[in-house]
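In the working numbering, the protein residues as written are 74 to 823.
Input: a single structure, listed below in structure tokens.
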């Protein structure tokens, strides 16, 4: 455990068809030698095959936390056991609880057979465990009833035909707890049951002869817990590990088994770094092949009962080499929560991964994920510096251009440019560009081989932030603030929120395309995107017209989507097909609203141009940034007539910044995303994220957090800071005083 490991978080599914995910289990369900992940929630019971990035539906329904895998019919294949809420027969508006099991068909994609173990049972099955309770060689099911009028623990015993309802026996009734485990604890050959802070012993006349005797072993622990059994001391006895699972200040300890000496249980706290646990709803314990005890515990990010989001959620593995006297602690994750997670060798490579998912009361938080260990150094070693810590006002855009003709890219933001000091130079220098409100883009407008800048100009108040009057600026002596300004014209929207300059017109003539911030707010539809034709003499006013009748006001990017040699536009979820005569035909690629920033790239490596997008969702009335899509649309090959498939990469807080670049030099595109939370500047915990493909098809994605301290607005853009060294620039809207640069400090430098 002294070796430093890095763990990659792989998002297997960012948009499962459920409202929440309550349950998880791992096992080789189809017998192919690789383990599947089974999860359930309000909507469906699902299976995932991580080694091939495949998944499917076992059944639709409302599934709760209880879930287990067991070969109950002796066919050598695991079946799936779950708690399910179903409508009552006499009152469809009322939900009753059932415990059911599902038998797969010839393949996991074939229909699964559903069988009922118990119906109308008291409460949902929060925990399901299999063990041989009565010593007859067949494993029975233990399940607890929780969140109901009369909670308890019950044994379910199958008959000769496990497809028929099972016999039910009460262990205890009227006592609410969570956290179910079972094994022979006192060495008498029988099974004892651990349920939260209590343990239960069967009656002397047998496990079905009456109520089991209750004894409390964890006197300081509350009732909602996770429990696990493992031989910590190495003396051959199973000890108990327990963690409080539904509290922001949860205890965790292991209890030494001293039953043989008549001393009961001795508590040994396991609080990590003297910190208690925040909704630690994942707990697992085992002995490895050298008999060392391992304990895995993980916190939730979104705990129950409207708790604050836990941005510091942890996944931790404990290992002891001295019988529990001390523990080595490895922090697998800090900053991403999970629920009901387990460690298992999912991909058959001989090392354990963490399979987990997120619980949440909303679809936005239901994600299935996997952590995989590697011994390499940090994959994306970017170092943060502040180009500017005193930028005087917020801005809509940040981009790069060689402003002073030095041969390296400078940074342009709001109404200033920042001179690139070069590899060994001094600090970045902020220089003003007089007379402008916002700088928007850069292009060689007059064909002299130098970049000019597109901007909106001040029309009155020198502190004016926004304008719809366009201009372009030619550098005369930018180091001494000397510029030529030429008018373009006035747009019909309030102010541009996305612009692009490209050879879009017949004969390769240049045009400026602008979308307006007010595009969705004007009922008279005067704020449609516009095209400004750049005349032969660009110092003259540029003729303008409506681009298309599509109410889109965000970013557009260019590409030749259909391969006919003409540059098209991607405007959010629309493809604007260039017809070659100066006009454009809109095609809706997907039914997606709120797209803010877009990029194009061949995501899955099939030679076709796909569309990467992020969604903005900020509600200024309730002052909340919503969890929305980072996604890509797969080019079907016939973009005008064949539906595009949407692939959700992740769901994060209002991502208003996106770029695509090969950050690690492996020839594959990474996706860079910045979160936008304008309501808690300086404290938002907004993240700068990198997504790397977890499979060649771009169905699973590895997520890396480069930083979590700054808000982003139309930033997270990649450029070459100097030869061989990439950087990411960004800025914020409310967190507006900073201009950021993350510089690659790894091996890509020349």
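For each residue, glycine too, the CB sits at the ideal point set by N, CA and C.
Cα-Cα separation between residue 758 and residue 458, rounded to whole angstroms: Taking the first residue of the chain shown as position 1, residue 758 is located at position 685. Taking the first residue of the chain shown as position 1, residue 458 is located at position 385. Cα-Cα distance, rounded: 17 Å.
So, residue 113 versus residue 97, is the Cβ gap smaller than 9 Å? On the chain shown, position 40 is the one that residue 113 refers to. On the chain shown, position 24 is the one that residue 97 refers to. The answer is yes: Cβ separation under 9 Å.
For residue 326 and residue 152, I'd like the C-alpha separation in whole angstroms. Sequence index remark: in the chain shown, residue 326 carries index 253 (1-based). Sequence index remark: in the chain shown, residue 152 carries index 79 (1-based). Roughly 33 Å between the two C-alpha positions.
First and last residue of the beta strand (DSSP E) that includes residue 764? Taking the first residue of the chain shown as position 1, residue 764 is located at position 691. Residues 761-766.
Where does residue 85 fall in DSSP's three states? Start at 1 with the first residue of the chain shown, and residue 85 comes out as number 12. Strand at residue 85.
C-alpha gap between residue 699 and residue 724, whole angstroms: Sequence index remark: in the chain shown, residue 699 carries index 626 (1-based). Sequence index remark: in the chain shown, residue 724 carries index 651 (1-based). Using only the alpha carbons, I get a separation of about 9 Å.
For the segment 418-457, list the beta strand (DSSP E) runs that are entirely contained and at least 3 residues long, ordered along the chain. 426-430 and 441-447
Proximity to residue 748 [Cα-Cα], best of 740, 726, 653 and 801: Taking the first residue of the chain shown as position 1, residue 748 is located at position 675. Minimum Cα distance to residue 748 is reached at 726.
Segments of 3+ residues assigned as beta strand (DSSP E) that fall wholly inside the segment 83-132: 94-100 and 109-122
Taking just the CA atoms, how far does residue 501 sit from residue 305? To locate residue 305, count along the chain shown from 1; it is residue 232. To locate residue 501, count along the chain shown from 1; it is residue 428. If you take the alpha carbons of residue 305 and residue 501, they lie about 57 Å apart.
Classify residue 424 as buried or exposed, calling it buried when 16 or more other Cβ atoms lie within 10 Å of its own Cβ. As a working note, residue 424 is residue 351 in the chain shown. Residue 424 is exposed by the Cβ-count criterion.
Candidates 751, 529, 817 and 766: which alpha carbon is nearest residue 741's? Taking the chain shown and counting its residues from 1, one reaches residue 741 at position 668. With distances taken between Cα atoms, residue 741 lies closest to 766.
For residue 197, is the classification buried or exposed, using 16 other Cβ atoms within 10 angstroms of its Cβ as the cut-off for buried? Locating residue 197 in the chain shown gives position 124, counting from the first residue. Buried, since its Cβ has 16 or more Cβ neighbours within 10 Å.
Backbone secondary structure at residue 810 - three-state DSSP: Here residue 810 refers to the residue found at position 737 when the chain shown is read from its first residue. It is coil, neither helix nor strand.
Any chance you could list the beta strand (DSSP E) runs of at least 3 consecutive residues sitting entirely within the segment 512-580, in chain order? 525-530, 542-550, 555-563 and 569-578
Same chain, Cβ closer than 6 Å to residue 122, five either side skipped, listed in chain order: For the purposes of this step, residue 122 is taken as residue 49 along the chain shown, with counting starting at 1. Closer than 6 Å at Cβ, skipping near neighbours: 109.
Would a check of beta-carbon distances place residue 221 closer than 9 Å to chain C? Reference to chain C is not applicable here, since this structure consists of a single protein chain.
When you compare each of 531, 355 and 417 to residue 512 by their alpha carbons, which one comes out closest? As a working note, residue 512 is residue 439 in the chain shown. Residue 531 is the option with its Cα nearest to residue 512.
Would you check if there are 3 or more beta carbon pairs closer than 8 Å linking the segment 704-720 to the segment 630-646? yes
Does residue 332 come out as helix, strand or coil in the three-state DSSP assignment? Here residue 332 is taken as the residue at index 259 of the chain shown, counted from 1. DSSP places residue 332 in helix when its eight states are reduced to three.
Limits of the unbroken beta strand (DSSP E) element including residue 803: Position 730 of the chain shown, counted from the start, is the residue given in the question as residue 803. 798-804 is the span of the beta strand (DSSP E), which, as asked, contains residue 803.
If contacts are defined as beta-carbon pairs under 8 Å, then residue 819 and residue 454 qualify, I think. What distance do you get, rounded to the angstrom? What you label residue 819 is simply residue 746 of the chain shown in a count that begins at 1. What you label residue 454 is simply residue 381 of the chain shown in a count that begins at 1. The pair is a contact, with the Cβ atoms about 4 Å apart (cut-off 8 Å).
Cβ shell of residue 202 (< 6 Å), same chain only, five flanking positions each side left out: Residue numbering aside, residue 202 sits at position 129 when the chain shown is read from its first letter. These residues qualify, in order along the chain: 215, 253 and 255.
Residue 566 burial status per 10 Å Cβ neighbour count (16 or more: buried): The residue you call residue 566 lines up with position 493 of the chain shown. Buried, because 16 or more other Cβ atoms sit within 10 Å of the Cβ of residue 566.
I'd like to check one pair, residue 294 with residue 270: are the Cβ atoms closer than 9 Å? Taking the first residue of the chain shown as position 1, residue 270 is located at position 197. Taking the first residue of the chain shown as position 1, residue 294 is located at position 221. The answer is yes: Cβ separation under 9 Å.
Tell me the rounded alpha-carbon separation between residue 507 and residue 602. Against the chain shown, residue 507 aligns to sequence position 434. Against the chain shown, residue 602 aligns to sequence position 529. Each residue's Cα considered, the two are about 27 Å apart.
Rounding to the nearest angstrom, what Cα-Cα distance links residue 328 and residue 272 in this structure? Mapped onto the chain shown, residue 328 falls at position 255. Mapped onto the chain shown, residue 272 falls at position 199. Going from the Cα of residue 328 to the Cα of residue 272 covers about 12 Å.
Helix, strand or coil at residue 74 [DSSP, three-state]: Translated into the one-based positions of the chain shown, residue 74 becomes position 1. The predicted position of residue 74 is uncertain, since its pLDDT is 42 and thus under 50; a value taken from the coordinates is nonetheless stated next. DSSP places residue 74 in coil when its eight states are reduced to three.
Cα-Cα, which of 417, 770 and 388 is closest to residue 679? In the chain shown, counting from the first residue as 1, residue 679 sits at position 606. The shortest C-alpha separation from residue 679 is found at 770.
Alpha carbon to alpha carbon, how far is residue 665 from residue 671? Counting from one through the chain shown, the residue named residue 665 turns up at place 592. Counting from one through the chain shown, the residue named residue 671 turns up at place 598. Using only the alpha carbons, I get a separation of about 13 Å.
Contacting residues, own chain, Cβ-Cβ under 6 Å from residue 354 (five flanking each side not counted): Numbered from its first residue, the chain shown carries residue 354 at position 281. Hits under 6 Å: 318, 373 and 412.
Residue from 536, 537, 543 and 539 whose Cα sits closest to the Cα of residue 526: By one-based count along the chain shown, residue 526 stands at place 453. Checked all of 536, 537, 543 and 539; the closest Cα to residue 526 is 543.
Counting C-beta neighbours from all protein chains within 10 Å, is the total for residue 728 16 or more, i.e. buried, or is it exposed? Walking along the chain shown from the start, residue 728 turns up at place 655. Buried, by the Cβ-count rule.
In whole angstroms, what separates the C-alpha of residue 734 from that of residue 782? On the chain shown, position 661 is the one that residue 734 refers to. On the chain shown, position 709 is the one that residue 782 refers to. Taking the straight line joining both Cα atoms gives about 22 Å.
Going by beta carbon distance, what residues of the same chain come within less than 6 Å of residue 206, once the five residues before and after it are set aside? The residue labelled residue 206 in the question sits at position 133 within the chain shown. Closer than 6 Å at the Cβ level, and outside the excluded window around residue 206, lie 213, 228, 264 and 280.
Could you tell me if residue 579 is buried or exposed, where buried requires 16 or more neighbouring beta carbons within 10 angstroms of its beta carbon? Here residue 579 is taken as the residue at index 506 of the chain shown, counted from 1. Residue 579 is exposed by the Cβ-count criterion.
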